[in-house]
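Engineer: Got a structure here, written out as C-alpha cells. Questions coming.
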Amino acid sequence: MFSTLENKRNWLIFETELLKKHQQRPTGNKSNCCSDCGKCFIRSNSLKVHLRIHTGGKSHCCSDFGKRFNSPVDLKIYKIIHTGEKPFVCDHCGKSFIRLKTLKTHQRIHTGEKSYSCNQCGKSFSTSRNLKEHERKHTGEKPFQCSQCGKRFSRTHELILHERTHTGEKPHNCSQCGKSFTQLGNLKKHKRVHSGEKPFPCSHCGKYFRLSEHLKSHERTHTGEKTHNCVQCGKSFSHLGNLKKHKRIHTGEKPYPCSHCGKNFRLLQNLKSHERTHTGEKPHNCVQCGKSFSHLGNLNKHKKIHSGEKPYPCSHCGKNFTLSESLKSHERTHTGEKPHNCSQCGKSFSHSATLNQHKRIHSRDKPYHCSQCGKNFALSDNLKEHERTHTGEKPYQCSQCGKSFTDLDSMNIHKLIHSKEKPYHCSQCGKSFTKLGNLKRHVDKHTQGRITSQFGKSFS
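Numbers given in my numbering equal positions in the sequence shown, counted from 1, plus 67.
And the structure:
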C-alpha cells in the first residue's frame, strides 16, 4: 500500500492524465451516437463506456472485494474510498477530499466564487449541480419519483428523506440519549438540548434561541407580523401551524382521543395535558421552591414569580405582565372585546376558559369532586375554596388587621371596612353599602320583597 505522500502523488498523476486526455480530444461534430438513446460523443471510447449503461457490462473489477465498475476512473475512486485516503486538503479549513475536483468545488465556499448563473433570474451558484436544481424551480420539473407513493421531487436528497417516511429509517443517533432522527440536521439541532447552545440572538432584545425557527417566531412578537389569515373569521396568525389549529374551532374537529376515558381534543398538547390528570404525573420541578408541574411551560411561567420578570407591557396603560396571556386578558379590559359566545344563551366572554365554565350552568356538569364529603363543583376554584372548610386553611390575610380568609373575594370585601369605601349604591334613595348583599336586602325594603329592574333579575 502507498504511503500518504505516494498515494497523493499517484492520484495527482492520475487526475492530470485525465485532464490531458480531455484537452487532447478532437473538436468538431459528435459522430459517435448511441443507438439506444441517441446520445452522441466526440470520441468512440466515450461511446463504448456509455454503452455499458445499457448493456450492464462492468469490465473493471476491484481485486480486493470483487466489485465491478464501468470505467477505470470509477474503480480508482472506489479504491481510494475503501482505503479511507483523502489526499486533497483545503488550505483554508483543513477539510480533506478524495478527488481534486471535489476540493476545487469546496474551495468556492471560501472564495465566494459563483460561476454558474441562472438565465431566468440571474441568481449565481458555485456548482453546476446547484444551478440545475435551482432551474427546476422555474421549470417545475420533478424527475425523482417515490416508488411507494408516486410523489415526485426536484432533488434526489428530498426523495431520500421522503422515502424514510415509508421505511421509518432514522440513521442519525444521539450519542447522549439515544434518540434517532431521519436527518443529520435535526440531530445537530437536538444536540443543542444537551449542550445548552443557543446560537441565534434576537436583534431587538438580545434573547438567544436554540433554533432559527424559534428566533423567527420570537421576532414576530416585536414586529407584530401576522401573515396567515382565517377565511372564516378573519383572525390572523404569525404561523401557519397556529392557523391550522385555529380552523378546528370552526370545523369542530377533535382528532386526539384520550386512551383512558375516550375524550377527544382539538390539540395534541391539550390531550397530553389531560392525560396527566389520569396519571398525576408532574415531571417538571422548580429548583427554588420545589413546586412540581405537569408541563414545562407552566414551570417556566412559575419561575417568573421568583425572578419578578414582567416582559409583557400593555400598549394602552403601560402595565407590565409576567405572562403574554395575562397581557392579552388585560388588554380586553381596554378594548371591551368578548370574542367567545355561548351557543345556548348568546352571552359573550373575553376568554374561552370563562365560556367553558359558563357552559356548565347549562349542562349542569360538575366534574370536580371533594374527596372528603363527595360534594361536586362546576369549577376547580370552587372546589379549592370548599376544601378549606375541611382543612380550616385561610391563606388570604388582611394587611391592616391580620384577619385571615378562605378566599380572595371575602378578603377584598373585608378590606372595604378599613377603606370606608361603599361601592354599591341604591338608585332609589342614594344610600351606599360595602357589600352587594346588603344593597339587595336594602332594595327589598323599597320593593317589598322584589328587586328592581336595575339588577335584571327578580329575587323573592
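C-beta: ideal position from N, C-alpha, C; glycine also. Please read these numbers as outputs of a predicted model, since none were measured by experiment.
1) Evaluate P154 with the Cβ neighbour count: other Cβ atoms within 10 Å of its Cβ, from every protein chain shown; 16 or more gives buried, anything less gives exposed.
2) Looking only at DSSP bridge pairs, what is C100 linked to?
3) Less than 9 Å between the beta carbons of H543 and K321, yes or no?
4) Between which two residues does the alpha helix (DSSP H) holding L503 run?
5) When we look at the beta-carbon of I176 and count the other beta-carbons within 10 Å, is it buried (16 or more) or exposed?
6) Within the same chain, show all residues whose beta-carbon is closer than 8 Å to that of T456, passing over the 5 residues directly before and after it, in chain order.
7) Would you mind reading off the limits of the alpha helix (DSSP H) that contains E236?
8) Can you list, in chain order, the residues of its chain with a C-beta nearer than 6 Å to that of Q424? Leave out the 5 residues immediately preceding and following it.
9) Decide if F354 is buried, meaning its Cβ has at least 16 other Cβ atoms within 10 Å, or exposed.
10) Please go through the same chain and pick out, in chain order, the residues whose beta-carbon is closer than 7 Å to the beta-carbon of H481, but skip the five residues on each side of it.
11) Among all the DSSP beta bridges, which residues are the ones paired with P268?
12) Would you please state the rounded distance, in angstroms, between the beta carbons of Y435 and L422? I believe it to be under 8 Å.
13) For L170, which residues of its own chain have a beta-carbon under 8 Å away from its beta-carbon, when the five flanking residues on both sides are left out?
14) Report buried or exposed for F526, applying the criterion of at least 16 other Cβ atoms within 10 angstroms of its Cβ.
15) Checking 9 Å against the spacing of the C-beta atoms, do L390 and K358 come in under that value?
16) Who pairs with H407 in a beta bridge, going by DSSP?
17) For G235, which option in H224, C241, S247, S242 has the closest C-alpha, if you only look at C-alpha atoms?
18) Between the alpha carbons of K190 and S382, how many angstroms are there, rounded?
19) So what does DSSP say about Q336, is it helix, strand or coil?
20) For L506, count neighbouring C-beta atoms within 10 Å of its own C-beta (all shown protein chains included) and say buried if the count is 16 or more, exposed if not.
21) For H295, which beta-bridge partners are listed by DSSP?
22) Flag this pair as yes or no: are the beta carbons of Q215 and H233 separated by less than 9 Å?
23) Output the distance between the C-alpha atoms of L29 and E348, rounded to the nearest integer angstrom.
24) Figure out for me which residue from K293, K115, C300, Q439 has the closest Cα to the Cα of L307.
25) DSSP three-state call for N443: helix, strand or coil?
Structural biologist: This is what the structure gives:
1) P154 comes out buried.
2) Residue pairing by DSSP places C100 opposite C107 in a beta bridge.
3) This structure leaves residue 543 out entirely; the chain is present only between 68 and 527.
4) 503–514
5) exposed
6) Closer than 8 Å at Cβ, skipping near neighbours: T473.
7) Premise fails: E236 is in no alpha helix (DSSP H) and is neither H nor E.
8) Correct list, in chain order: L446.
9) Per the sequence presented here, residue 354 reads as Val, with Phe not at that position. Answer is exposed; the Cβ neighbour count stays below 16.
10) C465, K470, F472
11) Looking at the DSSP assignment, P268 forms a beta bridge with Y275.
12) At roughly 18 Å, the Cβ-Cβ gap does not stay under 8 Å, so Y435 and L422 are not in contact.
13) F155, V156, C157, F164
14) The predicted position of F526 is uncertain, since its pLDDT is 43 and thus under 50; no value can be drawn from it.
15) no
16) According to DSSP, H407 bridges with F416.
17) S247
18) 43 Å
19) The answer is helix: DSSP assigns Q336 an H, G or I state.
20) Buried, since its Cβ has 16 or more Cβ neighbours within 10 Å.
21) F304
22) In this structure, H233 lies closer than 9 Å to Q215 by Cβ.
23) Since the first residue of the chain shown is 68 and the last is 527, residue 29 is not available in this structure.
24) K293
25) strand
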